[in-house]
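One structure is given below, encoded as structure tokens.
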Amino acid sequence: MRLIFLGTPDFAVPALQKIAAAGHRIAAVVTQPDRRRNRGEISFSPVKEAALKLGLEVLQFQSVKKEGVDILKNLRPDIMVTAAFGQILSQEILDIAKYGVINVHASLLPAYRGAAPIQRAIMDGCEYTGISIMQTALKVDSGPVILQKKVKIGEDETAEELFLRLAATGGDAVCEALSLIESGKAVYTEQDESKATFCGIIKKEDGEINFDTSFFMLKRFINAMTPWPSAYTNIEDKRFKILAVERAEGRGVPGCVLKADRKNGLVIALKEQAVKILKFQPENKSAMRPEDYFLGNTVPTGITAGKG
Numbered sequence: 059m060r061l062i063f064l065g066t067p068d069f070a071v072p073a074l075q076k077i078a079a080a081g082h083r084i085a086a087v088v089t090q091p092d093r094r095r096n097r098g099e100i101s102f103s104p105v106k107e108a109a110l111k112l113g114l115e116v117l118q119f120q121s122v123k124k125e126g127v128d129i130l131k132n133l134r135p136d137i138m139v140t141a142a143f144g145q146i147l148s149q150e151i152l153d154i155a156k157y158g159v160i161n162v163h164a165s166l167l168p169a170y171r172g173a174a175p176i177q178r179a180i181m182d183g184c185e186y187t188g189i190s191i192m193q194t195a196l197k198v199d200s201g202p203v204i205l206q207k208k209v210k211i212g213e214d215e216t217a218e219e220l221f222l223r224l225a226a227t228g229g230d231a232v233c234e235a236l237s238l239i240e241s242g243k244a245v246y247t248e249q250d251e252s253k254a255t256f257c258g259i260i261k262k263e264d265g266e267i268n269f270d271t272s273f274f275m276l277k278r279f280i281n282a283m284t285p286w287p288s289a290y291t292n293i294e295d296k297r298f299k300i301l302a303v304e305r306a307e308g309r310g311v312p313g314c315v316l317k318a319d320r321k322n323g324l325v326i327a328l329k330e331q332a333v334k335i336l337k338f339q340p341e342n343k344s345a346m347r348p349e350d351y352f353l354g355n356t357v358p359t360g361i362t363a364g365k366g
């Protein structure tokens, strides 16, 4: 089929690559505009970099629904595929192609509609998540589902690790969906709205740790926030990214620093027990063990980790 691919981050790259490898005719790739880094350097999206390597035409719009409608129409696609594109499509765009628009979404819809399904599934302790290929509708992630692929979440899997597995699964799933649509065998199953859940965008400040919780909840939170925005806390006005932890003995007010020395490391009270920090990253420093940090730094016991 002749198609237009719309995507931006790393998650979308395997889908683009596998669609190209499957022999579909990609009329164009649409991605977010280039960004300037701190030093003024131009940064391409991962999808743009992948598309250029494949020799595909790349289109970029500040707002595709305002600037791109006529251009997309003139490309005469049979179908359009989106994967973490990052812009809302208008009904006019959804109606351009004969087979409409299908989307690669990283959850088992109708659960976890929205922008952060991978992180939320880990945070909530789900045993499984997956990929849904659905027909795109105006309401976010609400369209009928064509197929789903179930993926088991590893016991200690981070969002980064799960992201990579789901991205690969998404590439395979969207190729399978395209074959079903092209052959006329696709079945479109409406979602059960009564079971729908929504997860919004995760912001940098959402990584702040609340120690008034259990060890298992904290561990899931850290895994979900890795690599971005990273789980963090402030101790004496210094920010520390928390990278690895284990359960520890001890009781105190949640957030209270119970131990802080080279022998015992850094132990902080939780709701019913305590957590030992195995690895952290002090602000503007490399990741390290607390024991190494205490070679030249101190943290008083009895103070409370939290907002400085």
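Sequential numbering from 59 applies to the sequence shown in the numbering used here.
Note that CB positions come from ideal geometry on N, CA and C, so glycine has one too.
query                                                                                                                                                                                   : result
If you follow the beta strand (DSSP E) that Gln339 is part of, which residue opens it and which one closes it?                                                                          : 332-340
Going by beta carbon distance, what residues of the same chain come within less than 8 Å of Gly308, once the five residues before and after it are set aside?                           : Leu316, Lys317, Val325, Ala327, Gln331, Ala332
Taking the C-alpha atoms as reference points, what is the distance between Val162 and Lys261?                                                                                           : 22 Å
Alpha carbon to alpha carbon, what distance is there between Leu336 and Ala235?                                                                                                         : 44 Å
If you scan the segment 85-153 from start to end, which runs of the beta strand (DSSP E) of 3 or more residues do you find wholly inside it?                                            : 116-118, 137-141
My understanding is that Gln118 touches Thr89, with C-beta atoms under 8 Å, so please give their C-beta distance in whole angstroms.                                                    : 6 Å
Where Glu219 and Phe274 are concerned, what is the direct C-alpha to C-alpha distance, given to the nearest angstrom?                                                                   : 19 Å
What residue range is occupied by the uninterrupted alpha helix (DSSP H) comprising Gln40?                                                                                              : Outside the displayed span of the chain (59 to 366) sits residue 40, for which this structure offers no information.
Just grab the DSSP bridge partners of His163 for me.                                                                                                                                    : Ser190
Please classify Lys253 as buried or exposed, where buried requires at least 16 neighbouring CB atoms within 10 angstroms.                                                               : exposed
Give every residue of the same chain whose Cβ lies closer than 6 Å to the Cβ of Ala226, excluding the five residues on either side of it in the sequence, and list them in chain order. : Pro72
Taking DSSP's pairing of strands, which residues face Arg309 in a bridge?                                                                                                               : Arg309 pairs with nothing; no bridge assigned.
Hey, could you find the ends of the beta strand (DSSP E) Ile267 is sitting in?                                                                                                          : Element bounds for Ile267: n/a, residue is neither H nor E.
Measuring only the C-alpha atoms, how far is Gly360 from Ser103?                                                                                                                        : 46 Å
To the nearest angstrom, how far is it from the Cα of Cys314 to the Cα of Ile146?                                                                                                       : 44 Å
What number of angstroms, rounded off, separates the C-alpha of Phe287 from the C-alpha of Asn322?                                                                                      : Phe is not the amino acid found at residue 287; the sequence shown has Pro there. About 28 Å.
Once the 5 residues before and after Ser185 are set aside, which same chain residues still bring their CB inside 8 Å of it?                                                             : What sits at residue 185 in the sequence shown is Glu, not Ser. Cβ neighbours of Glu185 beyond the five flanking positions: Lys210, Ile211.
In angstroms with no decimal places, state the Cα-to-Cα distance between Ile300 and Ile137.                                                                                             : 44 Å
Alpha carbon to alpha carbon, how far is Pro285 from Arg134?                                                                                                                            : 39 Å
Between Asp128 and Glu251, what straight-line distance do the alpha-carbon atoms span, to the nearest angstrom?                                                                         : 34 Å
Could you give the DSSP three-state label for Phe221: helix, strand or coil?                                                                                                            : helix
Report the rounded CA-to-CA distance for Leu224 versus Met59, giving the unit in angstroms.                                                                                             : 24 Å
Assuming contact is defined by CB atoms lying nearer than 8 Å, are Ile154 and Leu130 in contact in what I supplied?                                                                     : yes
Mind checking Val105: buried by the 16 CB within 10 Å criterion, or exposed?                                                                                                            : buried
Going by DSSP, what residue range makes up the alpha helix (DSSP H) through Tyr351?                                                                                                     : 348-351
Which first and last residues belong to the beta strand (DSSP E) in which Arg60 is found?                                                                                               : 60-65
Return the chain-ordered list of same chain residues with a C-beta closer than 6 Å to the C-beta of Val116, the five sequence neighbours on each side being excluded.                   : Val87, Lys106, Ala109
Where do the ends of the beta strand (DSSP E) carrying Lys207 lie?                                                                                                                      : 203-210
DSSP has Asn292 in a bridge; who is on the other side?                                                                                                                                  : Arg297
Determine, using beta carbons only, whether Thr255 and Ala169 come nearer to each other than 8 Å.                                                                                       : yes
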